[in-house]
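Following the numbering used here from start to finish, the sequence shown increments by one per residue and tops out at 766.
Where is the CB? At the ideal position from N, CA and C, for every residue including glycine.
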Amino acid sequence: MKSIILTIAGAGISLMVAAQQKQPVYLDVNKPIEERVESALSIMTTEEKVSLCYAQSKFSSKGVPRLGIPEVWTDDGPHGIREEVLWDEWGGANWTNDSCTAFPALTCLSATFNPELSLLYGKSIGEEARYRNKTVLLGPGINIYRTPLNGRNFEYMGEDPYLSSRMVVPYIQGVQSIGVAACVKHFALNNQEEWRGHINVDLSDRALYEIYLPAFKAAVQEGKAWSIMGAYNQFRKEHCCHNGLLLNEILKKDWGFDGVVVSDWGGVHNTDQAAKNGLDLEMGTYTNGLTTKGNFPYAEYYLANPFLKGIKEGKYDIALLNDKARRILRLIFRTTMSANRPFGRFVSPEHSEAARKIAQEGIVLLKNEQRFFPVLPGKFKKIAVIGENASRSLVIGGGSSSLKVAYESSPLDGLIAKYGKDHIVYSLGYASGPSVYGREEPSRLNADSLIAAAVKAARHAEVVFFVGGLNKNHFQDCEGGDRRSMSLPFGQDQLIDALLKVNKNIAVVLLSGNAVSMPWINKVPAIVQGWYLGSEAGNALADVISGEVNPSGKLPFSFPKKLEDNAAHAYGKISYPGDSVNQYYKEDILVGYRWFDTKKITPQYAFGYGLSYTSFDLGTLSADKSIYSKDEVIKVRFSVKNTGSQDGAEVTQLYVNDPVCTVSRPVKELKAFKKVFLEAGETKSVEMEIKVADLAFYDEGKKDWNIEAGDFVLQLGNSSANISQKLKITVKE
Ligand code: GLC
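Following this line, the structure appears as structure tokens:
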């Protein structure tokens, strides 16, 4: 009997061992990812490896069905999870389970100057992508705000490389903590929509390394992004989706990027460069990334049969293919095949809370004379709300970031909820027409009658909230085209003037992702920059307007007084928008406040500026030493006091100037910031650290970063235009 039991047990064990031996390493979730990659690669055919490198549908690419390796499903966008589309269509598939939470646009997130909210944002949107079974979220976008005309500035994080770096890292960490890959875009120099598909951008190496690359470098080296999206434009005559310098040299070799380079949709133009210059996954070829369809089967993509043919003929080294396949397998093992991939959530109360909090903290109070704001509920019996942006959806349109949402609280909804419908009178005031990709379709409503009705509402109201700005229509804040001027569109300036004739008590609330000119600025007592605030827009706006939340947002980009004051528009067409073939960023490193400071041009509102309902006092700035060696860290300390009667938050900003240097440097550059929350009357001590190495400039002669010994001036303030203290320190050889 005993021997029978032993025999059966032995057989059982050997079967179990055999079963374990049959389990290939790539399927063993407890094995290190790199072992799993090599294990899968070693049993894949060349055809299977090539099939990983190009799309199988509008937003997905193949896995390896034979081996049980899942497909890669990507989805837009940076502000929420795009609705499902049909297999090879841009339009929605009319699913009934894909209406998402719209989070505020990334300009709003950036305006919070609060990296903790970036982490919250990333985790929340990551959970929505995870719930919708997406492998890759096609965001965040971090292209630098160079011109107020760029149609996609609303999707990005502003004009300063340091602010964008600090805000993008936690967003990526948040998304990827949920087992979804972030896809940081658009790498690189996609700073306008005009001629985006081909314009050949060039600029100095200093501008490239000091302004346009830092946020991407932080995304890769600190954020550990699992994928990067190549940009549509060319850089030094090579398309960014297969640009040897950007992808092979800088991204993969210098920065050590081990993830996947995904093309923008339609950004790939030839097999040779796609094979050799660092592209890993080709998407959307033969389309314009928004509306057009390709006439070619996916098998005709540049990295499909043409690449396979080249491999088989020995034209392309198999090592090129193996590197692409390894990176895509690594992405899959980090996401869909990872051992402890978290679960997602979709349109949860927590996501609404997150959206509302980010919106509240991003809203920027630009002007507030006679303490116009806050308007406490009950203060007025009759409030006129005027403007299309109070009631129009601002999550639909804008291009690939357009969303089908579960709900959208409009400014009008929020104001009615806050003040009571009996105290609110609404008038459209102006109409912009429907949001149609690629062209403007004017409204059929009669502008004069809209104005007349608005003036009548304003005349009989105690106070007017004008809610205008831009919207997601073509030539506004929208992908695929740039704005044609900095002015408010749809006759808003004239409307504001007409309203002012009957009521001086007007606050202007701008919902936009870009700076606008303000001819009425001296005639209105209050101005709010409200961003695209997503599903919780109305609630967040009403929270701030009513004083329930004290505004603490700061501008992530400068508002010039007029377009010509902006750096990109100071050097003629070749600088913006280019001559339709080539473009040169002639302002070099002087982007945004760097330009205004150096050229002594006063902006309408400065980078880093934003008011509060309370006031703050920054105490004496001190540093732990006065002389530093180049490998040390500067530790500064100062106090902040809330000298007002309302709790609030101040964004303390530390800029640095290098007054004596063999190259010209900006008057100041942001090198640290900290948002400090203080109760009324409270004082807190704040500490900041700056690596001396981070004060370096990019030395074109050495082709490396360089810092010259000498004095540096630390400048503390609450805006780039409001420095309250300076402190000199010295860097020694
Ligand atoms: C678009 C955009 C990109 C987007 C992609 C997929 O053209 O440039 O940001 O993620 O194509 O929609």
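**OP:** Check the DSSP bridge columns for T140 and list the partner residues they point to.
**Re:** By DSSP's assignment, T140 forms no beta bridge with any residue.
Subject >> Spatial neighbours of V577 in its chain, beta-carbon cut-off 7 angstroms, leaving aside the 5 residues before and after >> reply: Taken in chain order, the residues that qualify are Q393, I396 and P584.
Subject >> Nearest-angstrom Cα separation, counted from A337 out to G769 >> reply: For the chain, the structure presents residues 34 to 766; residue 769 sits outside this window and is missing.
Original post:
For V624, which residues from the same chain have a beta carbon less than 7 angstroms from its beta carbon, with the 5 sequence-adjacent residues on both sides left out?
Top reply: If we look at V624 and ignore the five residues flanking it on each side, its Cβ neighbours are I177, R179, E192, I244 and A600.
Subject >> A487 - containing alpha helix (DSSP H), residue span >> reply: For A487, the uninterrupted alpha helix (DSSP H) segment begins and ends at A480 to R492.
Original post:
Which stretch, first to last residue, makes up the alpha helix (DSSP H) that contains I529?
Top reply: Counting along the chain, the alpha helix (DSSP H) containing I529 begins and ends at Q525 to L533.
Original post:
Does the distance from the C-beta atom of R115 to that of D108 stay below 7 angstroms?
Top reply: Judged by their CB atoms, R115 and D108 are nearer to each other than the 7 angstroms cut-off.
**OP:** Locate the beta strand (DSSP E) running through N751, then write down its first and last residues.
**Re:** Per DSSP, N751 belongs to the beta strand (DSSP E) from G743 to S752.
Original post:
Relative to the C-alpha of N422, which residue among P181, W564, S93 and K735 is closest?
Top reply: Nearest option by C-alpha distance: W564.
**OP:** State the start and end residues of the unbroken alpha helix (DSSP H) segment that holds W628.
**Re:** From DSSP, the alpha helix (DSSP H) with W628 extends over Y626 to T631.
Original post:
Are the beta-carbon atoms belonging to S460 and A487 less than 7 angstroms from one another?
Top reply: With respect to A487, S460 sits close: the two C-beta atoms are nearer than 7 angstroms.
Original post:
Say the cut is 6 angstroms; is the CB of G567 nearer than that to a heavy atom of the ligand GLC?
Top reply: Because no heavy atom of the ligand GLC lies under 6 angstroms away, the Cβ of G567 does not count as near it: no.
**OP:** Output the distance between the C-alpha atoms of E720 and K668, rounded to the nearest integer angstrom.
**Re:** C-alpha separation (whole angstroms): 7 angstroms.
**OP:** Return the chain-ordered list of same chain residues with a C-beta closer than 6 angstroms to the C-beta of L182, the five sequence neighbours on each side being excluded.
**Re:** Excluding residues within five positions, the ones whose Cβ falls inside 6 angstroms are D515 and R516.
**OP:** Just confirm the distance between the C-beta atoms of L543 and V549, as a whole number of angstroms; I'd bet it's less than 8 angstroms.
**Re:** That belief holds up - the Cβ atoms of L543 and V549 are roughly 6 angstroms apart, short of 8 angstroms.
Subject >> Buried or exposed by the 16-neighbour rule on C-beta atoms within 10 Å, applied to F329 >> reply: Label assigned to F329: exposed.
**OP:** Using the Cα positions of V58 and S72, report the straight-line distance between them to the nearest angstrom.
**Re:** Whole-angstrom Cα-Cα distance: 6 angstroms.
Original post:
Regarding L171 and the ligand GLC, is the C-beta to nearest heavy atom distance less than 6 angstroms?
Top reply: Checking every heavy atom of the ligand GLC against the Cβ of L171, one is found closer than 6 angstroms.
**OP:** Please look up how many angstroms separate the CB atoms of G207 and E188, rounded, as I've assumed it's under 8 angstroms.
**Re:** At roughly 17 angstroms, the Cβ-Cβ gap does not stay under 8 angstroms, so G207 and E188 are not in contact.
**OP:** Buried or exposed for I76, please, with buried defined as at least 16 other CB atoms from any protein chain shown within 10 angstroms of its CB.
**Re:** In this structure I76 is exposed. Its beta-carbon is surrounded by fewer than 16 other beta-carbon atoms within 10 angstroms.
Original post:
Fully enclosed by the region 641 to 691, which beta strand (DSSP E) runs are 3 residues long or longer?
Top reply: Scanning the region 641 to 691 from its first residue to its last, the whole beta strand (DSSP E) runs of 3-plus residues come out as 649 to 651, 666 to 675 and 681 to 690.
**OP:** Let me know the secondary structure DSSP gives D108 once reduced to three states.
**Re:** Looking at D108 - three-state DSSP - the assignment turns out to be strand.
**OP:** Taking S718 as part of the alpha helix (DSSP H), name the residues at either end of that continuous run.
**Re:** Here S718 belongs to no alpha helix (DSSP H); instead the beta strand (DSSP E) covers T716 to K724.
**OP:** Give, in chain order, every unbroken run of the alpha helix (DSSP H) that is at least 4 residues long and sits entirely within the region 181 to 257.
**Re:** List check, alpha helix (DSSP H) in window: 194 to 209 and 247 to 254.
Subject >> Beta-bridge pairing of L278 - partner residues as DSSP gives them >> reply: BP columns for L278 are empty, so no partner.
Subject >> Cα-Cα separation, A221 to C273 >> reply: Taking the straight line joining both Cα atoms gives about 7 angstroms.
Subject >> Integer-rounded CB distance, given that L566 should sit under 8 angstroms from A573 >> reply: Correct: roughly 5 angstroms between the Cβ atoms.
**OP:** Give me the Cβ distance between S591 and Y618, rounded to the nearest whole Å; I'm assuming they're in contact under 8 angstroms.
**Re:** Actually they do not touch by this definition, with Cβ atoms about 17 angstroms apart.
Original post:
Does the beta carbon of G322 fall short of 6 angstroms from some heavy atom of the ligand GLC?
Top reply: Relative to the non-hydrogen atoms of the ligand GLC, the Cβ of G322 comes within a distance shorter than 6 angstroms of at least one.
Original post:
Three or more C-beta pairs closer than 8 angstroms, one from the region 223 to 235 and one from the region 605 to 622: is that the case here?
Top reply: Under the Cβ criterion (8 angstroms, minimum of three pairs), the region 223 to 235 counts as touching the region 605 to 622.
Subject >> From Y642, Y638, T635 and K674, residue whose alpha carbon lies closest to that of S648 >> reply: The shortest Cα separation from S648 among Y642, Y638, T635 and K674 belongs to K674.
Original post:
Taking 6 angstroms as the cut-off, does the CB of S433 come closer than this to any heavy atom belonging to the ligand GLC?
Top reply: Inclusion of S433 in the 6 angstroms shell around the ligand GLC follows from its C-beta lying nearer than that to a non-hydrogen atom of the ligand.
Original post:
Does the beta carbon of D455 sit closer than 7 angstroms to a beta carbon anywhere in chain D?
Top reply: Any reference to chain D falls outside this structure, which holds one protein chain only.
Original post:
Which residues mark the beginning and the end of the beta strand (DSSP E) in which V549 is found?
Top reply: Element bounds for V549: n/a, residue is neither H nor E.
Original post:
Once you ignore the five residues that flank S435 on each side, which residues in its own chain have a CB closer than 6 angstroms to its CB?
Top reply: These residues qualify, in order along the chain: I429.
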